[in-house]
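Participant: Please see the structure below; I have some questions.
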Amino acid sequence: MAGDKEMMEKEDGEEKEISERPKWDNKVQYLLTCIGFAVGLGNVWRFPYLCQTYGGGAFLIPYLIALVLEGLPLLHMELAIGQRLRLGSVGVWNSISPYMGGVGVASMMVSFLVGMFYNMILAWILWYFFHSFQNPLPWRDCPVNLNHTAYISECEKSSSVNYFWYRETLNITPNIQTSGSLEWWLVLCLASAWCFVYIGFVRGIETIGKAIYATVTFPYLVLTIFLIRALTLPGAADGLVYLFTPNWDTLKNPEVWLDAATQIFFSLSLAFGGLIAFSSYNAQKNNCERDALIVGCVNSFTSIYASIPIFAILGFKANENYNTCQNWNILQLTNAFNIGDENITVENYQDWFNQLNATDPSEVESLDLKTCDLHTFLEQSASGTGLAFIVFTEAVINMPGSQVWAVLFFIMLFCLGLSSMFGNLQGVLTPLMDLHLIPTWMPKEIFTGLICLAAFTISLIFTLGSGNYWLEIFNNYIGSMPLLIVAFFEIITVVYIYGINRFNDDIEWMTGRRPNIYWQATWRFISPLMLLVVFVAYVVMQAEKSPTYSAWNPDYVYFPLAEVLPYPGWVVAICGLLSAIPVISIPLVALYRFICFLKNYIKTRHNPNPYANDVSSGDL
């Protein structure tokens with residue numbers, strides 16, 4: 001009864017603040033926003049690549065295990081704690097324990113830094129979207145030189161698709177030490193991307209809730225259209241067979257389990273603070289357990305659903321490349337052996353080759369015949385930016401109505417990225433509002449604009465000729481280890497500082513039932529242990545190899561293959577700083593709080609009158 005009385009008094013004290021806090025218009029709006037934040041570009045890019053790399057359907061086993069034992073428990077915890085305390089990430093952890101306020105600051109820093117490079121990807125998407133209306137598509141053919149006598153050599157040595165990405169879009173430098181200049185077209189696209197984000201985000205959940213209906217639902221419509229069209233393409237079955245044929249031996253590779261754990265973790269957008277911020281605008285009497293299950297399952301379903309049309313298109317592309325390769329060999333054989341009426345086709349090529357090789361092997365050996373293997377072409381898919389801006393753009397060239405498919409594809413990618421950007425910025429703005437760091441005289445619209453302007457200014461580094469190299473660094477070193485550290489301290493704070501029994505009481509009060517044994521076991525032991533194992537494995541893997549990057553250098557002897565270069569020492573130092581800066585606030589805030597405690601303790605010892613001094617350590 002005493003606990004109930006204390007809880008009622010706490011609720012009465014918060015009543016005014018809760019009544020003044022904005023709320024979602026309806027439950028659907030809230031769920032769509034959480035789904036939009038969780039479902040992002042990684043569902044279309046990284047998940048299909050990992051399935052292809054690690055044995056197709058076999059990868060689903062560690063992926064689903066990670067979802068059940070790591071992803072869903074952390075997702076439920078973040079939604080529940082934000083809904084109960086109705087604060088952003090900094091306010092939540094600071095209210096639980098002043099010593100843990102740095103966890104919220106770390107989440108806010110990660111959201112801000114990730115949002116900067118994430119929006120650069122939206123700028124690239126806008127650039128391709130604007131060019132998708134041209135007929136023919138500008139990446140279909142190589143441009144001619146100034147004398148109009150031949151194609152540009154860099155394009156001829158690589159491909160028209162690679163040339164448009166690396167030269168026409170990025171104007172990339174041969175290495176990270178060569179900065180290059182600001183590319184004005186990328187600056188304009190980046191400014192446009194931030195304008196779109198600002199318009200959708202200008203008044204917080206009031207505008208996000210309206211925009212989210214389009215940005216979340218439209219990608220599913222486009223994916224369905226792509227699915228129907230992709231399944232009718234020649235070679236689509238080869239791509240799907242390659243995707244879903246399990247290679248069980250890959251499960252013996254520890255990197256499979258590591259990548260599965262990190263994929264489900266980053267795919268759900270955990271530890272960014274955005275989910276905590278979104279749930280803080282919920283009514284407290286809400287079934288957050290059901291919300292976590294819905295968001296987590298929809299996110300994983302989307303990854304699998306998106307892989308089907310993607311790999312169907314990659315199968316079509318592989319077949320096109322295979323036929324092109326075979327036709328080249330047919331042309332060489334036809335010219336060398338003066339074959340006339342008896343035509344060599346792709347279907348009977350192997351019979352002709354065996355016959356000619358048996359009768360005149362020296363002549364066949366002297367020809368410039370290529371090795372044509374469908375399986376090899378299927379393996380040449382790419383992850384990340386390569387899938388969207390190289391592999392897919394090459395595949396869409398040969399699709400009927402290529403402009404339409406290109407426009408739809410890049411609109412879908414933009415919607416996926418935009419809804420995720422809303423979550424990243426909410427993870428920054430909500431904590432600043434809860435800490436009352438916004439001047440009272442400044443309208444929220446202006447403060448939001450200043451945040452976007454600051455992020456835009458810093459992210460201009462990505463519009464340099466070396467910008468793509470820096471974006472990869474930000475992605476690898478900010479979007480990995482810092483999030484693991486933040487999530488580990490989040491779950492430790494809730495379970496062992498806030499108290500798991502108190503947390504269970506809060507959930508029972510909000511949902512009407514106590515968390516079952518599955519949630520208890522994962523929160524107390526399994527999830528923290530998995531996060532710790534993944535973190536240690538990640539550190540060991542990074543320590544075993546010196547960091548390298550792939551450079552696009554036309555003077556490289558093996559061009560168009562990427563030149564693998566080691567990072568210079570000063571870049572390695574920046575990589576370390578980017579990993580440390582977001583999470584350094586965790587020990588610093590704890591140390592600051594401890595120093596304040598010691599100062600107040602010393603003051604109290606010298607002045608025994610407890611009312612003579614204010615011993616408050618102040619808010620973070």
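Each residue of the sequence shown is one higher than the one before, counting from 1 in the UniProt record's numbering. The beta carbon of each residue, even a glycine, is placed where N, CA and C say it ideally should be.
#1: What residue ranges within the stretch 168 to 226 form continuous alpha helix (DSSP H) runs of no fewer than 4 residues, ordered along the chain?
#2: What distance in whole Å lies between the Cβ atoms of L69 and T522, which are believed to be in contact at a cut-off of 8 Å?
#3: Rank C189, A573, W552, G576 by C-alpha distance to the C-alpha of L565 and give the top, closest one.
#4: Excluding the 5 residues preceding and the 5 following Q497 in the sequence, name in chain order all residues of the same chain whose CB lies nearer than 7 Å to its CB.
#5: For my contact list, L293 and L74 are in at a C-beta cut-off of 8 Å; report their separation, rounded to the angstrom.
#6: Pick from V364, F244, W24, S158: whose alpha carbon is nearest that of F337?
#7: Assuming A306 and V44 make a contact with CB atoms under 8 Å, what is their CB distance in whole Å?
#8: Can you tell me whether L333 is buried or exposed, with buried defined as 16 or more other CB within 10 angstroms of its CB?
#9: To the nearest angstrom, report how far apart L408 and I264 are at their CA atoms.
#10: Among G56, L387, Q83, which has the Cα closest to the Cα of D249?
#11: Let's see if you can read the secondary structure: which residues bound the beta strand (DSSP E) around L565?
#12: Where does Y99 fall in DSSP's three states?
#13: Report yes if the C-beta distance between G273 and G401 is below 9 Å; otherwise report no.
#14: Compute the distance between the beta-carbons of T430 and V103, then report whether it is under 9 Å.
#15: What would DSSP say about K5, mapped onto helix, strand or coil?
#16: Flag this pair as yes or no: are the beta carbons of G423 and L231 separated by less than 9 Å?
#17: Give me the Cα-Cα distance between S466 and S459, rounded to the nearest whole angstrom.
#18: In or out: S19 buried (at least 16 other Cβ within 10 Å) or exposed?
#19: In this structure, does DSSP put S269 in helix, strand or coil?
#20: Out of N327, Q83, A38, V222, point me to the one whose CA is closest to P22's CA.
#21: Is the separation between the beta-carbon of R167 and that of T511 shorter than 9 Å?
#22: Identify whether T393 lies in helix, strand or coil by the three-state DSSP scheme.
#23: Among residues of its own chain, excluding the 5 on either side of L387, which ones have a beta-carbon nearer than 8 Å to its beta-carbon?
#24: Please classify N516 as buried or exposed, where buried requires at least 16 other C-beta atoms within 10 Å of its C-beta.
#25: When you compare only the Cα positions, how much space is there between Q426 and D238?
#26: In three-state terms, what does DSSP make of Y558?
#27: S192 to I199, Cα distance in whole Å?
#28: Among the residues of its own chain, which have a CB less than 8 Å from the CB of N135, if the five just before and after it don't count?
#29: What does the alpha-carbon distance come out to for the pair G569 and H131?
#30: Counting C-beta neighbours from all protein chains within 10 Å, is the total for Q52 16 or more, i.e. buried, or is it exposed?
#31: Mark Q177 as exposed unless 16 or more other C-beta atoms lie within 10 angstroms of its C-beta, in which case mark it buried.
#32: Under the three-state reduction of DSSP, which class applies to A38: helix, strand or coil?
#33: With DSSP as the reference, label T324 as helix, strand or coil.
#34: Could you tell me the alpha carbon to alpha carbon distance between F244 and Y54, rounded to whole angstroms?
#35: Taking the alpha carbon of G576 as the point to measure from, which residue in G479, F597, S111 has its own alpha carbon closest?
#36: Start and end of the alpha helix (DSSP H) containing T359?
Facilitator: The relevant details are as follows:
#1: 184 to 201
#2: Rounded to the nearest angstrom, the Cβ distance from T522 to L69 is 6 Å, consistent with a contact under 8 Å.
#3: Closest option to L565, Cα to Cα, is W552.
#4: Just to set this straight, residue 497 is Ile in the shown sequence, not Gln. These residues qualify, in order along the chain: I96, S97, M100.
#5: Not quite, the Cβ-Cβ distance comes to about 13 Å (not below 8 Å), so this is no contact.
#6: V364
#7: 5 Å
#8: buried
#9: Cα to Cα, L408 sits roughly 27 Å from I264.
#10: When each option's Cα is compared against that of D249, the closest is G56.
#11: 563 to 566
#12: helix
#13: no
#14: Against a cut-off of 9 Å, the Cβ pair of V103 and T430 comes out as no contact.
#15: Because K5 sits at a pLDDT of 45, beneath the cut-off of 50, its placement in the model cannot be relied upon, and the following sentence gives the value as read from the coordinates. Here K5 sits in helix by DSSP.
#16: With respect to the 9 Å criterion, G423 and L231 are not classified as neighbours on the basis of their beta carbons.
#17: Straight-line Cα distance between these residues: approximately 12 Å.
#18: Here S19 scores only 49 on pLDDT, less than 50, and its place in the model is too uncertain to base an answer on.
#19: coil
#20: Q83
#21: The beta carbons of R167 and T511 sit no closer together than 9 Å.
#22: helix
#23: V44, W45, P48, Y49, I310, S381
#24: exposed
#25: Looking at the backbone, the Cα of Q426 and that of D238 are separated by about 42 Å.
#26: The DSSP-derived three-state label of Y558 is coil.
#27: 11 Å
#28: Short of 8 Å from the beta carbon of N135, and not among the five residues preceding or following it, lie these beta carbons of its own chain, in chain order: Q403.
#29: 39 Å
#30: buried
#31: Answer is exposed; the Cβ neighbour count stays below 16.
#32: The answer is helix: DSSP assigns A38 an H, G or I state.
#33: helix
#34: Approximately 11 Å, taken between the alpha carbons.
#35: G479
#36: 349 to 359
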